[in-house]
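Data first, discussion second: the structure below is written as structure tokens.
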Amino acid sequence: MAFDERVVNGMRVLAAIVDAGSFVRAGEALEMSQSGVSRAIAKLEARLNIRLFDRTTRKVSLTDEGRRFYAQIGPLLAGLEEAVASAGEGAVVVRGRLRVNIEPLLARLLLGPKLGAFLKRHPELDLDLVARDQLGDMVGDGFDLAIRFGEPQTSSLIARKLMDTRVLTVATPAYLRRRGVPKKPSDLESEDHTCIHFRNPATGRPYEWEFHRGGKTTVVNPRGQLTLNDAGTMESVLLAGYGLAQVIDLAVEPLLRSGALTPVLTAWPDERFPMYAYYPSRYHPPAKTLAFLEFVSSLLG
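Per the UniProt record's numbering, the very first residue in the sequence shown carries number 1; after that it's consecutive.
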């Protein structure tokens, strides 16, 4: 296949459709008619000999072949855009649209209070921050970056570890006065205690209760009727004194400082939960992505 300006134009239109979510909005962004957008995609599909989109009256989505193709060209187009934007300026400028998939807990507790200052430092940046429970299809959903808790799953994405946070077992002082303080992990399996489970969004199953000490891991099966998938609900149920829960210290640090929650089983202190950043490519991330990662890292200390 000859590589010429028509192919480049088709790839640019493809990226705009993925970014905008429809042919109509892509045309508006590119100042093209809807028929012009359709013709550009039809020509690109003919040159590639593949179908790029599944199209219905309600939805436009990449085909498997389209998703693979976009995964390859997306970073190249972003790099070209960044190069054009920074040409002649003597430095790379943080500008353009940055779409980030992020854990709701991290967005609420850590980023929310500081986002205004970050955006003020980068007035040419348009940040689209999407807080959701799962990573999903990062390329197909048009994300430039994702920041998620948990060990990375096998995929074509590039994972960069940002931090490890401690896993703590906590309850309110009132609960512990009423039900007693567990002395060892197996105490949680008795009728004396009520435990709150949290669902792993990647598997759909509750996380196991693990206790780590000196390289050894103890797994218990605590009693409990309640399983949650929202950190805010977990916090409110905990503060009501309902039971014990395993949480990450990043989520409950202010509550520990105030004494609203008390850690237990502190003789098993070694469990950690990682946080990773994900890129959709092996290419060097553009300036806007690096600036956001630097911002997140500064908040993590």
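Glycine included, C-beta positions come from ideal geometry on N, C-alpha and C. Just so you know, these numbers come straight off a predicted model, no measurement behind them.
When burial is assigned at 16 or more other CB atoms within 10 Å of the CB, is residue i buried or exposed?
i: L265; result: buried
i: A46; result: exposed
i: T172; result: buried
i: T227; result: exposed
i: E89; result: At E89 the pLDDT is 48, less than 50, meaning the model places this residue with poor confidence; the figure from the coordinates comes in the next sentence. Exposed.
i: P182; result: buried
i: G180; result: exposed
i: A91; result: Low local confidence applies: a pLDDT of 43 at A91 is under 50, so the model's placement there is unreliable, and no value is given.
i: D164; result: exposed
i: L261; result: buried
i: residue 383; result: Any property of residue 383 remains undetermined from this structure, which presents the chain solely from 1 to 301.
i: A40; result: buried
i: E235; result: buried
i: A277; result: buried
i: A291; result: buried
On a CA-only basis, which of the options is nearest residue i? Give me that one, please.
i: A159; options: L111, G150 and R99; result: G150
i: V296; options: G243, P113 and L261; result: P113
i: P274; options: P286, V237 and R148; result: R148
i: L300; options: K161, G243 and I41; result: K161
i: G21; options: M32, I196, L62 and V170; result: L62
i: P201; options: Y278, P286, G116 and P152; result: P152
i: G215; options: I196, E271, V167 and Y175; result: E271
i: A49; options: G66, R55 and Q72; result: Per the sequence shown, the amino acid found at residue 49 is Asn instead of Ala. The shortest C-alpha separation from N49 is found at G66.
i: F143; options: A71, V167 and E208; result: A71
i: V93; options: A42, D126, V8 and D64; result: D126
i: G96; options: L80, L256, D64 and I248; result: L80
i: Y279; options: A16, G74 and L157; result: L157
i: P254; options: S35, L110 and L76; result: L110
i: V167; options: S236, L250 and E191; result: L250
i: D187; options: F198, L244, H122 and A277; result: L244
i: R257; options: L30, F69 and V170; result: V170
i: C195; options: W209, V7 and G204; result: W209
i: D230; options: R177, T203 and D133; result: D133
i: G241; options: L52, K59 and L176; result: L176
i: N59; options: A78, E31, K120 and V18; result: Reading off the sequence shown, one finds Lys at residue 59, where the question assumed Asn. Ranking the options by Cα distance to K59, first place goes to V18.
i: K288; options: V252, Y207, G204 and H122; result: H122
i: Q225; options: P206, R213 and L115; result: P206
i: A15; options: L52, S33 and S35; result: L52
Cutting at 6 Å between CB atoms, please list the residues of its own chain near residue i, excluding the five before and the five after it.
i: F211; result: P185, T218 and W268
i: L44; result: G10
i: V37; result: V13, F23, A26 and G27
i: L135; result: A146 and R148
i: A131; result: I102, P104 and A107
i: residue 303; result: Any answer about residue 303 is impossible in this case: the structure gives the chain only from 1 up to 301.
i: V128; result: A small correction: the amino acid at residue 128 is Asp; Val does not occupy that position in the sequence shown. Here the set comprises R99.
i: D54; result: S61 and T63
CB-CB under 7 Å to residue i, same chain, minus the five flanking residues each way: which ones, in chain order?
i: residue 372; result: Here the chain covers residues 1 to 301 and nothing more, so residue 372 does not appear.
i: E294; result: none
i: D192; result: R179 and G180
Look up residue i in the DSSP assignment and give the residues it is bridged to.
i: S35; result: BP columns for S35 are empty, so no partner.
i: W209; result: V220
i: D54; result: S61
i: V264; result: T169
i: A245; result: V170 and I196
i: P75; result: The partner list for P75 (beta bridge, DSSP) is empty, contrary to what the question assumes.
i: F273; result: T165
i: T227; result: H197
Please work out which residues of its chain come closer than 8 Å, Cβ to Cβ, to residue i, disregarding the five sequence neighbours upstream and downstream, and give them in chain order.
i: L239; result: T172, L255, A260 and L261
i: E31; result: none
Sequence ranges, alpha helix (DSSP H) only - wholly within the stretch 142-201, length at least 4:
173-179
Ignoring anything shorter than 4 residues, give me the alpha helix (DSSP H) runs that lie fully in the stretch 84-129, in order along the chain.
115-121
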